[in-house]
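460 is the number that numbering that gives the first Met the number 0 gives to position 461 of the sequence shown; each next residue is one higher, with no gaps. Note that the Cβ used here is the ideal one computed from N, Cα and C, for glycine as well. Report on the following structure.
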Amino acid sequence: MQIKKILLLGMFCAFSFLSNAQSTGAVKGYIKNDAGEPLPSATVKLLNTQLGAISDNSGFFMIKSVAAGRYTVSVSGVGYKVQQQQVSVNPDKETELVMTIKDEAMNMATVTVTGRSVVQESNRQAFNVTTVDAKKLYNTTLDLAGALDRVAGIRVRESGGVGSNFNLSLNGFSGNHVRYFIDGIPMDNFGSSFQINNIPINIAERLEVYKGVVPIWLGSDALGGAINIVTGDRYKNYIDVSYSYGSFNTHRSVINAAVTSKQGFTVQLNAFQNYSDNDYKVKVDAADINTGAYTPNALVRRFHDEYHNETLIANVGVVDKSFADKLLFGITLGKNYKEIQTGARMVSVFGGWHRKGDIVMPTLKYKKVNLIKGLDVTINANYNLGSEQNIDTMNVRYDWFGNSKPNGSNGERARSLYKYKNNNGIATSMFNYRMGEHQSLALSDVFTTFNRKGSDVLNPDIADYETPKKTQKNVLGLGYSYDVHDKWSTSVFGKYIYQNNVNGSATNQAATKKLGYGIAATYFLTPNLQIKSSYELTNRMPEAQEIFGDVENQEGNPNLKPEQSNNVNLGLSYSFAINNNSKFLVNANAIYRQSDNFIYNRLNNNQSKLVADNRDGVRTIGGDGEIRYSYSNWLTLGTTVTYQYLQNLQKYEPGYTGISPVYKDQMPNIPYFFGNSDASVSLKNVGKKGNNLNIGYNLLYVHAFYLYWPSRGGDKLDIPQQLSHDINMVYSLASGKYNIGLECRNLTNAYLYDNFSLQKPGRAFYINLRYFLNKVNN
């Protein structure tokens with residue numbers, strides 16, 4: 000009898016299940032932004048139900064087990080207007096739709112990493128990633144480097160003012176350990192005319208900072224992280240123009256515009272210009288070159304540091320076609336001019352030496368989501384035909400007072416008119432196949448080539464100028480991901496790297512092969528409490544500039560070895576609210592790096608140039624943290640802190656017998672403790688409805704660190720503590736159509752040194768004017 004009851008109950012449950020299955024359907028589709036680009040991490044809900052979904056990286060979503068009937072689909076995302084659409088769901092059928100949601104104007108003037116926007120959904124990846132919403136900085140005069148300098152774990156070190164050389168440190172890794180991308184395309188071949196410290200923030204929509212483990216779709220051999228600049232092409236018909244003027248005769252101009260027809264034909268334009276005399280005052284020990292009179296701590300003005308660059312990026316093509324979501328043919332044109340005031344240290348001063356360069360780079364961009372069902376394809380290619388020239392023709396010697404006297408016939412450093420082309424190109428391809436709702440398989444390939452050729456009319460007999468300097472590199476990646484949105488996610492991947500270098504003759508070449516692999520995973524303990532971890536065995540090949548030099552302040556080292564690192568990351572993110580007004584966000588990350596053949600820059604023997612060199616091993620232990628607070632959408636506060644300890648593991652040094660005296664020393668010339676704090680107030684409808692006033696403050700702190708090895712006693716030298724205060728005010732009219740910004744940087748006029756003795760600008764004031772207009776196609 001009991002068995003019969005169980006059988007009857009089972010039959011009833013099965014019948015109920017089948018009846019329910021036969022009466023349900025599904026809603027699926029794609030979410031796009033104004034530019035027709037797929038929009039990840041949008042929230043899709045069926046109103047008056049508990050059903051919903053989150054769009055993936057291709058903008059795709061699916062809501063299953065929907066009872067037959069008529070519903071209202073609501074799509075939302077922080078920074079986007081809510082869009083609704085009516086749908087009918089039929090039994091045993093999938094209702095498909097494509098929805099476009101419009102961007103809302105953003106007028107904030109500080110880096111804020113809160114909310115479940117596209118930016119925050121990016122942060123919820125399994126990888127250790129921090130994403131910055133660049134749109135909130137459009138009314139400032141920041142370049143990309145300035146925005147990145149406010150991110151936990153990052154320290155951007157510049158050697159001077161606008162256009163100066165820079166070195167970005169990310170969790171202890173710096174220089175070429177960190178790779179740069181623009182829309183997933185490596186920037187290795189962009190040349191001196193297109194670098195992150197001369198690209199205005201208005202070019203980007205957001206900045207993605209990957210710390211340690213880098214996903215294979217970026218296709219790089221980064222050792223310690225990557226930065227992906229996602230451009231702001233989210234509008235189909237718009238114009239965004241800004242101009243700023245400030246201290247040291249600094250001018251910046253930006254024009255971003257696009258026109259798109261209803262048939263999908265599009266023309267996109269980005270143009271920007273930077274100019275500065277960089278004639279700020281510096282404190283330096285100076286001697287008169289004619290009299291020999293010595294003045295310690297003399298306050299003198301830089302007199303040979305003018306910089307300017309101009310860049311134009313144009314694309315033409317089609318969007319939203321059956322064969323392509325985006326197919327663009329483009330050209331990047333640019334030039335730059337830079338006077339060189341000092342060498343690697345300020346004891347060297349120049350008055351005529353300068354450099355100039357240009358970029359002529361044709362480009363191809365193709366992207367299609369669902370080329371065939373479940374397969375997304377992205378292809379990019381470019382080739383830089385631009386040139387660089389080193390100009391040192393004045394046979395004189397200068398002092399810091401601007402005096403000069405004849406100095407033989409060898410120029411200021413090395414008489415030269417050397418002009419060269421690096422002839423470098425990149426081709427990338429990415430294939431992502433979605434195997435159902437949770438699984439995907441990805442294949443990426445990145446090929447780069449470098450072939451420096453040049454000549455010097457002043458030194459035609461220097462054989463080194465005529466010898467081949469070539470590299471070719473290919474990075475092949477394969478990855479698998481399993482993702483249950485807002486619950487857990489895992490990615491495993493492998494990378495195979497091949498590089499061939501030719502230095503001098505066809506017979507003097509070296510081919511290197513390396514294999515790396517990794518895993519990244521995340522788990523949501525609650526919807527607002529996330530833990531993540533990742534591990535990677537990664538390899539990095541020496542770059543062309545490290546092998547051959549950069550003809551300015553980087554000396555070549557053809558004997559560099561590839562470096563390898565075991566990277567481990569552990570992270571936690573927690574957001575919570577005390578009430579409807581007070582909201583908090585806490586991020587914390589711990590890192591461990593064990594690197595072999597670690598490539599670092601040191602001063603050469605006469606301390607006039609940097610030279611890349613290997614160390615047998617370097618261990619890095621550290622972490623970074625961030626706390627953010629917002630109150631009722633008008634007040635935000637935040638602080639970040641970073642600590643990193645890099646320890647030298649090379650036990651024996653050339654020229655020493657026995658164990659090296661700097662074995663287990665802290666690595667020199669690398670900041671190990673630094674942080675930022677910021678605050679902003681946003682006042683709505685000031686003076687008139689639709690007019691908003693934003694006031695912001697930012698504090699930068701860098702603890703003092705050593706230039707040389709700590710165990711070297713009096714020779715270690717100290718790079719002093721840095722403390723800088725910046726304030727800004729932005730008044731936006733007509734809901735962001737017109738914007739006026741005022742900024743003061745280094746308010747207290749502190750002496751700032753990112754590198755030993757290379758002083759940065761003092762107090763500076765800027766005004767920024769911006770006009771923005773977006774027209775939506777009907």
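- CA-to-CA, the gap between residue 700 and residue 718 works out to about 13 Å.
- In the DSSP assignment, residue 545 falls outside any beta strand (DSSP E) and within the unbroken alpha helix (DSSP H) covering 543–547.
- The alpha carbon of residue 543 has as its nearest neighbour, out of 147, 426, 190, the alpha carbon of 190.
- Residue pairing for residue 61: DSSP places it in a beta bridge opposite 27.
- For residue 639, same chain residues with a beta-carbon under 6 Å away, outside a window of 5 residues either side, are 151, 625, 674, 675 in chain order.
- Taking all protein chains shown into account, residue 343 has 16 or more neighbouring C-beta atoms within 10 Å of its C-beta and is therefore buried.
- Residue pairing by DSSP places residue 264 opposite 317 in a beta bridge.
- Of all C-beta pairs linking the segment 209–216 to the segment 253–260, fewer than three are shorter than 8 Å, placing the two stretches out of contact.
- Under the DSSP assignment, residue 147 falls outside any beta strand (DSSP E), being part of the alpha helix (DSSP H) whose first and last residues are 143–147.
- Ranked by Cα distance from residue 204, the first of 579, 130, 527, 680 is 130.
- Here the C-alpha atom of residue 400 lies approximately 8 Å from the C-alpha atom of residue 300.
- Counting only the Cα atoms, residue 475 lies some 16 Å from residue 376.
- The straight-line gap separating the alpha-carbon atoms of residue 406 and residue 350 is approximately 13 Å.
- The alpha-carbon separation between residue 696 and residue 33 amounts to approximately 32 Å.
- Distance between residue 372 and residue 28, taken at the CA atoms: about 12 Å.
- Ranked by how close their Cα comes to the Cα of residue 585, the residues 24, 528, 603 have 528 in first place.
- Its chain contains 538, 595 as the residues whose beta carbon lies nearer than 6 Å to that of residue 563, once the 5 sequence neighbours on both sides are disregarded; these appear in chain order.
- Put simply, of 278, 702, 453, 437 the residue whose alpha carbon is nearest the alpha carbon of residue 469 is 453.
- With a cutoff of 8 Å on beta-carbon distance, residue 143 and residue 206 are scored as near each other.
- Within its own chain, the residues whose Cβ lies closer than 7 Å to the Cβ of residue 52, once the five positions on either side in sequence are excluded, are 43, 60, 61, 62, listed in chain order.
- The segment 280–316 is shown to contain whole beta strand (DSSP E) runs of 3 or more residues at 280–286, 293–300, in chain order.
- Along the segment 467–533, the alpha helix (DSSP H) does not occur as any fully enclosed run of 4 or more residues.
- The alpha-carbon of residue 536 is positioned some 42 Å away from that of residue 265.
- Counting the other Cβ atoms within 10 Å of the Cβ of residue 635 gives 16 or more, which makes it buried.
- In this structure, residue 271 sits away from residue 230, with a CB-CB distance that is not shorter than 8 Å.
- The way I'd put it, the segment 741–748 doesn't touch the segment 702–710; fewer than three beta-carbon pairs between them come closer than 8 Å.
- Non-local C-beta neighbours of residue 67 in its own chain, meaning closer than 8 Å and more than five positions away in sequence, comprise 22, 23, 24, 88, 89, 90, ordered along the chain.
- Counting only residues of its own chain and dropping the five nearest sequence neighbours on each side, residue 445 has a CB closer than 6 Å to the CB of 218, 427, 474.
- Residue environment analysis places residue 408 among the exposed positions, since fewer than 16 neighbouring C-beta atoms fall within 10 angstroms of its C-beta.
- One thing to note: residue 58 has its Cβ within 8 Å of the Cβ of residue 368.
- The beta-carbon distance between residue 337 and residue 357, rounded to whole angstroms, is 13 Å. This is too long to meet the 8 Å contact definition.
- Leaving aside the five residues that flank residue 658 on each side, the residues in its chain whose CB is nearer than 8 Å to its CB run, in chain order, 650, 651.
- When rounded, the separation of the alpha-carbon atoms in residue 378 and residue 467 is 30 Å.
- Going by DSSP, residue 681 is part of the beta strand (DSSP E) stretching over 672–682.
- Bridge pairing for residue 612: 599 [DSSP].
- Beta-bridge partners of residue 535 (DSSP): 517, 566.
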